[in-house]
Amino acid sequence: MSGIYIHIPFCKQACHYCDFHFSTQLGKKEAMVNAIAKELVLRKTEVDDEVETIYFGGGTPSLLSNEEIEGLIQAVYDNYKVIDAPEITLEANPDDLVSSRAQSRDLFSEYKKAGINRLSIGIQSFFEEDLKLMNRAHNAGEAEECIKEATQYFDNITIDLIYGIPGMDNARWKANIQKALDFGLPHISSYALTVEPRTALKKFIEKGVVSDVDDEQAQAQFHILVDVLEEEGFINYEISNFGKPGFFSKNNTSYWLGKTYLGVGPSAHSFDGTQRSWNIRNNPTYIKKIEEGMLPMEIETLSKNDRYNEYVMTGLRTIWGVDLGRIASEFGENYLKYLNQQSSKFLEQGLLVVDDGKLLTTKKGKFLADGIASDLFMLNLK
């Protein structure tokens, strides 16, 4: 099974923390949608098996018209083998879902008619002060209103929440989580605020306008999140993702389990099992190249070390862990020996555990999983 990721590189305004590829200039939106549809045609031979997920990410896919969304979904069906009931996710911002109260309910109906069966809503916070600091386009009222309306039409909804925001104490973070729970949502994705280079947030921190991110506070808020959601029946199946049984993201899970996926649109990444490719991060050049029938991408063939490192990284982030038997069979006994040696100190510290032949992060080690994984990476062995 494969997945298709469609990157929509447009936003109304730039969030202060975001370093994803996007443009706030919407004049080329129609040309971009046409180019993405053409890229789907140009690359149809790259996917041999059935498509089980279609994911509209960005950027802000909810800036597209229903006709544009419907057209891109149809392009997938016209050029690929799609299973009978694929998971089709649309990322959306609250202000797009409730900006016109009279038409918002029709919008949800149109999404369902187009084939969307899962919404991913970028809430980030239910509090005005947090939204202003991040320069989100929606306000706190819209954050709540859009979920109230969406739950009348969709059962499969996830929202994003950010913790570790400067000025957000634990009490406000707990209130954020509780507001999400009050809506009865089956899935929550939650991320620590990170300060990326070349973002407005980075500049504000350097100038002293905004306090720097407190890693200890972020870690404390992560553990609050885990405790509260697990008590409410959520499964922390990946560090940043919590789902009720039956509501795990099929799209994201396929990435973590190493399945193949095709990414279309500027900056989108693809993976076929041995090679990783990515499109150029430039909208005009992307459109021009696609119109000329060319694919503006770079390709990297992954070495055995690369594949081992990626498996360790993704495995430690999930409930499925790192299968030690797979390490031995797919990569060799030298890799297994190295992994056992490198992981021993983390086992002693209670950050990792071996259970049923799987190397897993403990509750104590979850927040540190990426750092732990980097210590397990293979650098020199061929």
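Residue numbering for the sequence shown follows UniProt numbering, beginning at 1 and increasing consecutively. We put the CB at the ideal spot given by N, CA and C, even for glycine. Since the structure is predicted, the reported quantities are computational estimates derived from the model, not experimental observations.
Asked	Found
Alpha carbon of N34 to alpha carbon of V264, nearest angstrom	12 Å
Where L64 falls, given that 16 or more other Cβ within 10 Å makes a residue buried	buried
Secondary structure of L295, DSSP reduced to three states	coil
Cβ shell of F154 (< 6 Å), same chain only, five flanking positions each side left out	L119
Buried versus exposed call for L379 [16 or more other C-beta atoms within 10 Å across all chains shown]	exposed
Cβ-based burial, P266 [other Cβ within 10 Å; buried from 16]	buried
Three-state class that DSSP yields for R276 in the structure shown	strand
Beta-ladder partner(s) of T53, from DSSP	G3, E87
Span separating the alpha-carbon of Q25 from that of E67	20 Å
Neighbour-count burial assignment, P279, 16 or more Cβ in a 10 Å radius	The question names Pro, yet the displayed sequence has Asn at residue 279. Under this definition N279 is a buried residue.
Between the CA atoms of D130 and V210 - distance to the nearest angstrom	12 Å
Segment contact flag, the segment 299-311 with the segment 223-230, C-beta cutoff 8 Å, min 3 pairs	no
Environment of E39 [buried if 16+ CB atoms lie within 10 Å]	buried
Those residues which DSSP pairs with A37 across a bridge	Answer is none; A37 lacks a bridge partner.
CB-CB length for Y80 against V47, believed under 8 Å	6 Å
L257 versus N251: straight-line alpha-carbon distance, rounded	10 Å
Same chain only: Cβ atoms within 7 Å of D95, ignoring 5 sequence neighbours per side	A137, H138, E142
DSSP state of A14 mapped onto helix, strand, coil	coil
For N117, three-class secondary structure by DSSP	coil
Paired residues, beta bridge with E231 - DSSP	Paired residue(s): none; E231 is not in a bridge.
Per DSSP, cross-strand counterpart(s) of Q124	L161
Ordered list of beta strand (DSSP E) runs contained in the segment 171-208, each at least 3 residues	187-192
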